[in-house]
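Number 99 in the numbering used here belongs to position 99 of the sequence shown; there are no gaps in the numbering.
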Amino acid sequence: MSTECMFCRIVDGAIPATVVHETDTVLAFRDIAAQAPTHILVIPKVHYADAAAMAAADPALAGEVLAVAGEVAKLDSVNATGYRMVFNTGPDANQTVFHAHCHVLGGRGMTWPPG
Ligand code: 5GP
Ligand code: ZN
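Structure follows, in structure tokens:
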């Protein structure tokens, strides 16, 4: 676990976050700069640089991240109206934190394709 990594520090409790849900392996917390009424980040507690690296190394963990994403959508009551799960990966996707995370975005209509 890297202390240089912002999300590892949130897992450690060194940086506070508004936690929505937690399992043994996954943490879900509200994005500090919400882009929608519901904007929750779902992360594995262990460090992987991005979702593809996580899925390649530990497919079961990737499944747990997806399951928690579905759970927090229910907790925020956006499961009926719909929501988006986004894994930004690399520069063209504007990934800024290199610890795998799923954005769960909902509570408003969204355009497709994204900008
Ligand atoms: P990315 O651009 O890498 O897909 O998304 C990173 C997300 O992490 C951004 O939406 C950003 O607002 C969020 N973020 C960055 N630092 C923090 C933080 O310290 N706390 C929380 N809750 N969110 C953060
Ligand atoms: Zn990390």
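Cβ coordinates follow ideal geometry from the N, Cα and C atoms, glycine included.
- Within 6 Å of the C-beta of residue 87 there is not a single heavy atom belonging to the ligand ZN.
- Your pair residue 101 and residue 5 does not check out as a contact, with CB atoms roughly 11 Å apart and the cut at 8 Å.
- CA-to-CA, the gap between residue 108 and residue 34 works out to about 12 Å.
- Residue 56 sits exposed, since fewer than 16 C-beta atoms from the chains shown fall within 10 Å of its C-beta.
- Per DSSP, the continuous beta strand (DSSP E) segment holding residue 30 begins and ends at 26–30.
- Chain-ordered, the residues whose CB falls short of 5 Å from any heavy atom of the ligand ZN come out as 5, 7, 8, 47, 99.
- Out of 90, 104, 65, the CA that lies nearest to the CA of residue 24 is found in 65.
- Distances taken from the Cβ of residue 32 to the heavy atoms of the ligand 5GP include one shorter than 6 Å.
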